Amino acid sequence: MECQKDKNLEECICTYPGCPQKGMCCSCTRHHRDKGELPACYFTSETEKTYDRSVKKFVEEQQ
Ligand code: SF4
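Quick note on this note's numbering: the sequence shown kicks off at 258 and runs consecutively.
Given below as structure tokens:
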């Protein structure tokens, strides 16, 4: 299966500038997983802009 980068970019809410992972969801997820974090799309657009991708922030937002 080929990477559907163009389609992924249409749905990506991440506003972090210059990220080489943007549009490549597997790389994005791996990058944040390795840091104990979650990708931007787990957060609301408002929270995503804080660039805090921590699990703690995710849990806070869900409560
Ligand atoms: S969520 Fe992180 S890895 Fe994914 S595109 Fe945004 S900054 Fe890059």
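Glycine residues also receive a C-beta, built at the ideal position from the N, C-alpha and C atoms. This one's a predicted model, so the numbers in the text were calculated from it and none came from an experiment.
Not one heavy atom of ligand 1 falls within 6 Å of the beta-carbon of Q261. Distances taken from the Cβ of P274 to the heavy atoms of ligand 1 include none shorter than 6 Å. Where F315 is concerned, the enclosing alpha helix (DSSP H) starts and stops at V312 to Q319. The beta carbon of P296 sits closer than 6 Å to the beta carbons of C285, T286 and H289 from its chain, once the five residues preceding and following it are set aside; these are given in chain order. Burial state of C269 is buried, judged by a 10 Å Cβ sphere holding 16 or more other Cβ atoms.
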